[in-house]
Amino acid sequence: MGTKWTEEQELAINTRKCNLLVAAAAGSGKTAVLVERIIKMITEGENPVDIDKLLVVTFTNAAASEMRERIGDAISKALEKDPSSEVLQRQLALLNRASITTMHSFCLEVIKNNFHLIDLDPGFRIGDQTECELIKQDILADLFEDMYAKDDECFKDLVEAYGGSKSDDNLNSIILKFYNFIMSGPWPEAWLNDKVEEFNINSIEELEGKKWIEVLKESIILDLNNAYSMLTQARDIAEMGGGLEPYLVNIYPEIIQVEELRIALSEGIVKFYNKLMGASFGRLKSVRKASVDDERALEKTKSLRDESKKIIENLRDNVFETSLEEAVLGMKKMYPLMKCLSGLIIEFSNRYRDKKREKDILDFNDLEHLCLEILIDKDEDGNIKPSQVALEFKDKFEEVLVDEYQDSNTIQETIVGMVSRRDVENPNVFMVGDVKQSIYKFRQANPELFLEKYINYREFEDSNRKIMLYKNFRSREEIINGVNYIFKTLMSNTVGELEYDEKEALNLGASYGELNEENVEKEYIDEIENLKVAGDIELNILNKAGNKDYSNEDELGEEEEDLDSIQLEARIIGKKIKELMNPEDGSHYMVFDKDLGKYRKIKYKDIVILLRATKNWAETFVDELGTYGIPVYADTGTGYFQTIEIRTILALLHIIDNPMQDIYILSALRSPIFSFTSEEFADLRLLNRDKYFFEIIKEVVDGTYDESISKDLKGKCKYFLDYLNKWREKAAYMPIDEFIWFLYSDTSYYGYVGTMPNGVQRQANLRILFQRAKQYESTSFKGLFNFINFINKLKKSSGDMGSAKILGENENVVRIMSIHKSKGLEFPVVILGGTGKQFNKMDLREDILLHETLGIGTNCIDVKKRIKYDTLQKHAIKKKCELEVLSEEMRILYVAFTRAKEKLIITGAVSDLEKSCENWCKASASSEDNRINPGNVLKGKSYLDWIGMALTKHKDGDAIRNIGNGDITLNLDDKSNWSFKSFDRSELLETNNNKKQKNNIDIFESNNWIESKKDIKEVIEIRNRLGFKYKYIESCNTPSNISVTELKRAHQDEEFMQESYNIIDNESSEENKKEKIKRKPRFMEERQEEFSAAKKGTITHFVMQHIDLDKVTYIDEIREEVLKMVKKELLTEEEGKVVNVFKIQKFFKSELGQRMLSSYKSGKKVYRELPFITEIPSSIIEKNLDPKIYGEEKVRLQGIIDAFFEEEDGYVLLDYKTDYVKEGEEEAFINKYKIQINLYKDTLNKILGEEVKEAYLYSFYLEKELKISKE
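Offset between the sequence shown (1-based) and this note's numbering: plus 6.
Here you go:
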């Protein structure tokens, strides 16, 4: 019996002679539909289409192979029924010639057949990615060297603006970023020139009509709508009475004000700006709590009104931080820099193209661009038209079928247009995909291509038609209902780029059947009442409150994940898996096995743990789940270069190339290949402290140190040297791959690692290195030195690689993978972990943002004044990119949810559960109907925030509403079922500690061995090693590096160490003493929002470093300078408020301040915040070191000199202090810092080559200078 297709599937299979877009939701059987469509086209009808007359474009090579195999199987099965069919025999014969391929493979085929049209050597090859990266680096190095030689002022400004503080590496990265971005489009150079010209703007009027201005307006209207909604809700609450009526005096005019702003925006950006600058929120009328009926209503009204106020103030103070005139001037100022940058990018592109032609290689970008070059011509007016080759393709292909269309980019779309009849008579493009699963923006995928057709194509017969397949044949009803509930509540045109409504919702298509005696494994028939299936969708939250300070959690980068909470979340998952595998109530959890056609007991392989990213997570999960006895495998994509076997072989390769590398030579010697001990390393080093180990080993073998070392050590050195010389000789002429395999054999290392724990995996890793070497041999680079560079570049560009994959599909283990890798897969049980992880918006902080439609968003940078701020265009592009980032995150969440067939478990962590629930309830309460307003969805910082917001409106969200004090209108129509459980950190720690304690006891008992005579020698050796005492133990207290502050502390008297100095404030010394007495220990204090004394001091120093010395006479000038620092984001708003401008003015009015200003105004040198590194004798730090042994030992000293300035007769050194100082104790205060200042003086003397004539402390507390006497 054949497949029973739905009506929509039948339409998708049989509709012909049109451009057809098939929107196929998750689990809707799109691949089966695509295969069936092809089969019918090539086998049915009066004139079946030959399969080589179809172009089938898939996203991956694996998908192309699977498609070809499915079609072959279908033809073979049809031939079994009708062996004499000539049509079927012909199609089977043509299958190998069929164009079932990826876009890159198709482009390669076009180029191979038409290389003569683009003057390409037919012997070209595809360059290895790492090889191409090495070529790019070489070209950039040469390009920069040439530009420096030209001494071009604009280039120097570019380096100053974007190069970074210590090198030009950042500019290097920017050029590569631009190049990679523009190459994803069909006309890279034209795009670049066009977008750079957008900076050549001369008037405010030119702003109107710019695409990025329209996007900025869309962003603003979203903010205004949000503010308006909040104010109207505040009004509605206040109008209900209860003592809140006074608030209406403010709220009524503020609602009118926001409405006027919306009207002004519709009339243009200039009118809106002028209106915004006049917008104000008066002080809210006071309402006494005693006169209010409902205190919660009061707080909610105030909160809603204050939030709307913040929105308007943010627009005024941040988005429009400069006037429109200044915005235009800022863009005009950046025009020369952008022209220079675009020139560099184009020059780099040309040189890179020429170098590839010279080496006869192409990269993947070339495949698409050269293919397009072959497919297009231009008419007399310069307009693009199809070339003769393209016209031949249009005639040849009866249909062009594009799988995973949502992941296409612009250049691929252009190529499809050239080889198809999409835009002419007899349209013939079939596109299938799901825009809700477009998750490859980082590869420049453009979901707007799909969306544009989805909006414009019609569901009825037309030349451009769409068919929607939204019946899901994968998941149980429980999963379908849960997916629909979450995404109906959250996904919108704003966040997700698609309105998820009834039309978009998944429809149940899978039939699992009820659990009964007929469809369950025999051994469980008698326990039918004791079996479980499916169940609620579970949300499990780790409450980190009380763990540590998470106040800056938003700023955590990829390398700074909270390891503690990752471990605890893994324990939650471990508990859940154990519950599934062995429920405490003695029941059995069952899943449906399609192959058996029955329910069976769950296995570990039925479970997958999905993570947004596996880095920093998967390894910890593997370790923690292992303590629960759960077999688990994680394809992390990292860790390969850190394995001991790879590190050992790479160390050997390094020293074969260059033995003068001590770290690598020690690594090789310590390995089992040579088995040197730590004591032998020490003996070798003591022979000579200055030479490389390789030089010492050669001298040992030559007999130089025969009296100082043992014969055994000399023998080891000779053994090593003989092998090294042999390997160096062979490396000079053997291909690298052959040489590496020779190393494996010659050292027996390959066999050795096979005997180690996890030996099969280790040998597989070594084979991967051999394959990499084989791959390298096919590149244009040769030799061991270049291979090492090749590997180093591979590590740098890819970060790392995953270990070799040796796991079979049927291995009974829990799998851990990223959501991206799970796309297209399905699992009976999905555990979605790490949902509390913050969205990664680090890319939005870069100096330059790029957008295919909106262009280039950069800061306005003044290299002379050393200030920068966001241009208005960057604000717009940043907002658009943020929306796209969050929209993609919404789609990634959709992909994760729709992988589940039978059970979905969600875990995540929050810093403070009560606060999180309050925020979720607040977002829900301010959203109308059953959806969360897009403005509130945008405030979510994680998947857990989004899920939490949605569940506040769900009937099963009582726990969240109770914790968050939410009064929310519920969505009572929804059929999904959810369960919620929170975990405290303490209970997870306690549980795991008990488990580990038991494990430790078991381990101790299993290792309780007795010494035998045979073991005595080894035991003595071990005890001697454990009892080893380092000969120069006293030197261990001497650091190799020390700061001036640390050195000062080390030399302070006891009484000064007991004092506590506070930053500038208005309290008396007696009050300070009382505060010190009353103050609790830090661990007992509640976390305070105020800045610490040290932080205030840092802020003061920062202002003194950056303040314009032309603007320090008047208080208003100083205050304006501080405000500028806040606007430029050099200081936060809170930091700006703690700056004491009066104290700063006092300094500049002092005699010392006037001397500094006099030097500045007369053109003499004034330096502020000069960092330095110098060396000092170790005896300054440790007085007890024997000068005979340590006399030449040096310690590196580092610090920062606050200020020094030049006068006619020498330099004056100045150090600012913000400590609290009692009147009359100035001398003690000076003594406290004398060592520090004298070290600064000595350092400056070395730098300047002349004596510093005077040195001062300036006390901001005392408002006076304190001279440091000469010693």
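Glycine is no exception: its CB is placed at the ideal position from the N, C-alpha and C atoms.
Query raised in the report: Just to confirm, are Glu-72 and Thr-37 a CB contact at a threshold of 9 Å?
Result: yes
Report task. Classify Asp-696 as buried or exposed, calling it buried when 16 or more other Cβ atoms lie within 10 Å of its own Cβ. Result -> exposed
Report task. Identify every run of the beta strand (DSSP E) within the stretch 426-459, keeping only runs that are complete inside it and at least 3 residues long; order them along the chain. Result -> 435-439
Query - Identity of the residue in Tyr-750, Asp-718, Leu-719 and Gly-721 nearest Trp-733 by Cα - result: When only C-alpha atoms are compared, the closest one is Tyr-750.
**Report entry** Segment limits, alpha helix (DSSP H) that includes Cys-723
**Finding:** 717-737
Requested in this report: Kindly list the residues whose CB is nearer than 6 Å to the CB of Ser-105, restricted to its own chain and excluding five residues on each side of it in sequence; keep chain order.
Outcome: Leu-61
Requested in this report: Throw me the rounded Cβ distance for the Asn-499 and Ala-451 pair, which I believe falls under 8 Å.
Outcome: Not really, about 19 Å apart at Cβ, beyond 8 Å.
**Report entry** Cα-Cα separation between Lys-1247 and Ala-1261, rounded to whole angstroms
**Finding:** Looking at the two C-alpha atoms, the distance is approximately 8 Å.
Requested in this report: May I have a chain-ordered list of the beta strand (DSSP E) segments no shorter than 3 residues that lie completely inside the stretch 40-70?
Outcome: 60-64
Query - Gly-580 versus Glu-894 - alpha carbon distance - result: Roughly 29 Å between the two C-alpha positions.
Query - Neighbourhood of Ser-444 by C-beta, 8 Å cutoff - its chain only, sequence neighbours within 5 removed - result: Gln-412, Asp-413, Ala-451, Pro-453, Phe-456, Glu-894 and Arg-897
Query - Whether Phe-986 touches Asn-546 by CB criterion (9 Å) - result: Less than 9 Å separates the beta-carbon of Phe-986 from that of Asn-546.
Query - Lys-1102 versus Gly-288: straight-line alpha-carbon distance, rounded - result: Their backbone Cα atoms lie some 31 Å apart in a straight line.
Query raised in the report: In terms of residues, what are the limits of the alpha helix (DSSP H) holding Cys-377?
Result: 370-381
Query - Range covered by the alpha helix (DSSP H) that runs through Asn-865 - result: Note, Asn-865: premise wrong, no alpha helix (DSSP H); beta strand (DSSP E) at 861-868.
Report task. Would you kindly report the start and end of the unbroken beta strand (DSSP E) that includes Gln-1204? Result -> 1200-1213
Requested in this report: Between the Cα of Gly-842 and those of Asp-728, Asp-918 and Glu-890, spot the shortest distance and give me the residue it belongs to.
Outcome: Asp-918
**Report entry** Sequence ranges, alpha helix (DSSP H) only - wholly within the stretch 934-960, length at least 4
**Finding:** 940-943 and 949-957
Query raised in the report: Roughly how many whole angstroms lie between the Cα atoms of Tyr-1217 and Leu-228?
Result: When rounded, the distance between both Cα atoms is 57 Å.
Query - Span of the beta strand (DSSP E), counted from its first residue to its last, around Lys-1 - result: The structure shown does not extend to residue 1, since the chain spans only 7 to 1277, so no value can be given for it.
Report task. Classify Trp-193 as helix, strand or coil using the three-state DSSP reduction. Result -> coil
Requested in this report: Between the Cα of Glu-527 and those of Ile-572, Gly-592, Ile-578 and Tyr-605, spot the shortest distance and give me the residue it belongs to.
Outcome: Ranking Ile-572, Gly-592, Ile-578 and Tyr-605 by Cα distance to Glu-527 puts Tyr-605 first.
Report task. Would you mind giving the Cβ-Cβ distance between Thr-958 and Ile-966, rounded to the nearest angstrom? I have them listed as a contact below 8 Å. Result -> 6 Å
Query - 6 Å Cβ shell around Ser-1275 - same chain, five flanking residues per side excluded - result: none
Report task. Identify, in the order they occur along the chain, each residue of the same chain with its Cβ nearer than 7 Å to the Cβ of Asp-242, setting aside the five sequence neighbours on each side. Result -> none
Query raised in the report: Considering only the beta carbon of each residue, do Leu-512 and Val-539 sit closer than 9 Å?
Result: No, Cβ-Cβ distance for Leu-512 and Val-539 is not below 9 Å.
Query raised in the report: Under three-state DSSP, which class holds Ile-1274?
Result: coil
Requested in this report: Please name the residue or residues paired with Met-823 in a DSSP beta bridge.
Outcome: Leu-616
Query raised in the report: By Cβ distance, which residues of its chain are closer than 8 Å to His-960, with the 5 residues on each side in sequence left out?
Result: Tyr-491, Leu-976, Asn-977, Asp-980, Ser-982 and Trp-984
Query raised in the report: Counting pairs of beta carbons, one from the stretch 231-250 and one from the stretch 310-325, are three or more of them closer than 8 Å?
Result: yes
Query raised in the report: For Leu-1176, which of Phe-1154, Asn-694 and Ala-1209 has the nearest alpha-carbon?
Result: Ala-1209
Requested in this report: Could you tell me the distance, in whole angstroms, from the CA atom of Ala-285 to the CA atom of Leu-335?
Outcome: 24 Å
**Report entry** Sheet register partners of Ser-498 (DSSP bridge)
**Finding:** Gly-502
Query raised in the report: Going by beta carbon distance, what residues of the same chain come within less than 7 Å of Lys-306, once the five residues before and after it are set aside?
Result: Ile-243
Query raised in the report: Near Asn-53, what residues of its chain come up, given a Cβ to Cβ distance below 7 Å and the 5 sequence neighbours on each side ignored?
Result: Within the same chain, Asn-53 has no close Cβ partners at all.
Report task. Consult DSSP for Leu-1176 and reduce its assignment to one of helix, strand or coil. Result -> Residue state, collapsed to three classes: strand.
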